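**Student:** Let me give you the structure first, and then I'll get to my questions.
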Amino acid sequence: MNVEQHARMRRMLSEIEPDYLALAANGPAALVLAESVLGYSAEPLGPRAVRLAETIGGTRGTRLLLQAVAHPNPSVRHMLAYAAAHLEQEAARSVLRTLLADSDARVVHRAILSGRRQPKAMKSLSYVAVA
32 MNVEQHARMR
42 RMLSEIEPDY
52 LALAANGPAA
62 LVLAESVLGY
72 SAEPLGPRAV
82 RLAETIGGTR
92 GTRLLLQAVA
102 HPNPSVRHML
112 AYAAAHLEQE
122 AARSVLRTLL
132 ADSDARVVHR
142 AILSGRRQPK
152 AMKSLSYVAV
162 A
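Under this note's numbering, the first residue of the sequence shown is numbered 32, with each subsequent residue one higher.
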């Protein structure tokens with residue numbers, strides 16, 4: 032990916048309503064963009080990079096999402112909890128296992144809601160809901 036393409040895709044990701052399908056159509060370059068954005072803890076586009084990786088899917092997109100569970104930005108983990116509802120069962124189980132024990136209440140709440148859409152993934156998890 033050249034510098035111009037990276038800058039163009041970053042501008043697309045920065046739009047108020049990014050067109051994730053158009054970004055994903057850039058193929059591997061879109062995943063490189065998502066990886067680079069998620070590589071910085073203070074990056075405000077982090078949650079959008081999670082959404083982009085979810086849209087891309089496949090092995091590399093899922094791998095990036097699995098790595099995002101340890102991201103220091105709670106907004107990234109919150110978006111990841113949302114994305115867990117759309118992941119394959121094993122990936123969802125792995126993500127939800129970690130996010131249900133997150134220190135951020137919004138992340139835990141979203142993980143519980145996503146878990147309702149992933150009953151098979153949740154079935155093997157045992158967790159204590161925090162009041």
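Note that the Cβ used here is the ideal one computed from N, Cα and C, for glycine as well.
These numbers come from a predicted model, not from an experiment.
Within 10 angstroms of its Cβ, does D133 collect 16 or more other Cβ (buried), or is it exposed?
**Tutor:** Counting Cβ neighbours within 10 Å, D133 comes out buried, since at least 16 surround it.
**Student:** So, with DSSP's three-state summary, where would you put A56?
**Tutor:** coil
**Student:** By how many angstroms is the C-alpha of L44 removed from the C-alpha of A38?
**Tutor:** Each residue's Cα considered, the two are about 10 Å apart.
**Student:** Could you give the C-beta distance for L95 and L62, rounded to a whole number, given that I count them as a contact under 8 Å?
**Tutor:** About 7 Å; that satisfies the 8 Å criterion.
**Student:** What's the call for L144, buried or exposed, on a 16-neighbour Cβ count within 10 Å?
**Tutor:** Taking all protein chains in view, the Cβ of L144 is surrounded by fewer than 16 other Cβ atoms within 10 Å, so the residue is classified as exposed.
**Student:** One question on the structure: do E206 and A56 come within less than 9 Å of each other, judged by their Cβ atoms?
**Tutor:** In the structure as shown, the chain starts at 32 and stops at 162, and residue 206 therefore has no counterpart that could be examined.
**Student:** Can you give me the C-alpha to C-alpha distance between R147 and R42, rounded to a whole angstrom?
**Tutor:** 35 Å
**Student:** Based on Cα-Cα distance, which residue from P75, V139 and I87 lies nearest to Y51?
**Tutor:** I87
**Student:** With DSSP collapsed to three states, give me the class of Y51.
**Tutor:** In this structure, DSSP gives Y51 a helical state, which the three-state scheme calls helix.
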